[in-house]
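Residue numbers (my numbering): 12 to 169.
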């Protein structure tokens with residue numbers, strides 16, 4: 012009798028770990044990365060040392076549940092030139108099957124501006140890409156997934 016109790020007690024943690032791992036695996040498979048689209052670029056300041064701008068993104072959560080982000084990293088490319096990278100400093104809630112505006116505050120140096128100046132001075136739209144990782148908090152722990160969004164942006168819009 013004591014041997015059976017010991018076996019059951021010894022097997023219980025193994026079953027609990029297997030069940031928890033299975034649930035976490037299902038959660039990872041069910042999670043769909045957000046769709047990212049560039050909405051606007053707003054220059055906040057420009058000076059002799061550089062400046063600051065806001066890149067405004069539309070982030071669509073395709074999941075049937077809200078996503079609470081624990082961390083969101085980004086790298087912004089204009090044409091093929093890396094313009095900026097960083098981490099969203101605040102917690103974000105992305106409602107289920109809805110689009111949310113996300114503002115990326117970006118500081119740049121004069122050298123950064125010169126690197127993308129040629130691309131931005133071309134007539135017509137320029138291509139962009141935003142890549143990163145989104146980390147979401149779930150009951151099973153944090154899940155991190157890559158995301159990417161790209162498109163074309165007309166700098167001299169009417």
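All residues carry an ideal CB built from backbone N, CA and C; glycine is no exception.
Assign residue i to buried or exposed, taking buried as 16 or more other Cβ atoms, counted over all protein chains shown, within 10 Å of its Cβ.
i: residue 106; result: exposed
i: residue 165; result: exposed
i: residue 95; result: buried
i: residue 80; result: buried
i: residue 143; result: buried
i: residue 68; result: buried
i: residue 49; result: buried
Taking the alpha-carbon positions, what's the residue i to residue j distance?
i: residue 53; j: residue 151; result: 38 angstroms
i: residue 163; j: residue 43; result: 24 angstroms
i: residue 132; j: residue 124; result: 11 angstroms
i: residue 103; j: residue 139; result: 23 angstroms
i: residue 56; j: residue 65; result: 10 angstroms
i: residue 60; j: residue 73; result: 40 angstroms
i: residue 158; j: residue 47; result: 8 angstroms
i: residue 108; j: residue 147; result: 16 angstroms
i: residue 149; j: residue 45; result: 16 angstroms
i: residue 134; j: residue 153; result: 44 angstroms
i: residue 122; j: residue 51; result: 22 angstroms
i: residue 116; j: residue 128; result: 19 angstroms
i: residue 58; j: residue 70; result: 30 angstroms
Among the options, which has the Cα closest to the Cα of residue i?
i: residue 126; options: 51, 82, 88; result: 88
i: residue 41; options: 92, 75, 146; result: 75
i: residue 111; options: 78, 90, 92; result: 78
i: residue 5; options: 93, 145, 121; result: This structure does not reach residue 5, given that the chain is present from 12 up to 169, and the question cannot be answered.
i: residue 155; options: 71, 84, 70; result: 84
Pop quiz: residue i and residue j are said to be a contact at Cβ under 8 angstroms. What is the actual Cβ separation, rounded to whole angstroms?
i: residue 160; j: residue 119; result: Not confirmed; about 20 angstroms, so no contact.
i: residue 98; j: residue 82; result: 6 angstroms
i: residue 130; j: residue 86; result: Not confirmed; about 16 angstroms, so no contact.
i: residue 137; j: residue 90; result: 6 angstroms
Residue ranges of each beta strand (DSSP E) run of no fewer than 3 residues wholly in the region 87-126, ordered along the chain? 92-98, 103-105, 110-120
Could you tell me which uninterrupted beta strand (DSSP E) segments, each at least 3 residues in length, are contained entirely in the region 123-158, listed from first to last along the chain? 136-149
Scan the region 45-81 and note each continuous beta strand (DSSP E) run of 3 residues or more that stays entirely inside, going in chain order. Whole beta strand (DSSP E) segments, 3+ residues: 46-58, 61-71.
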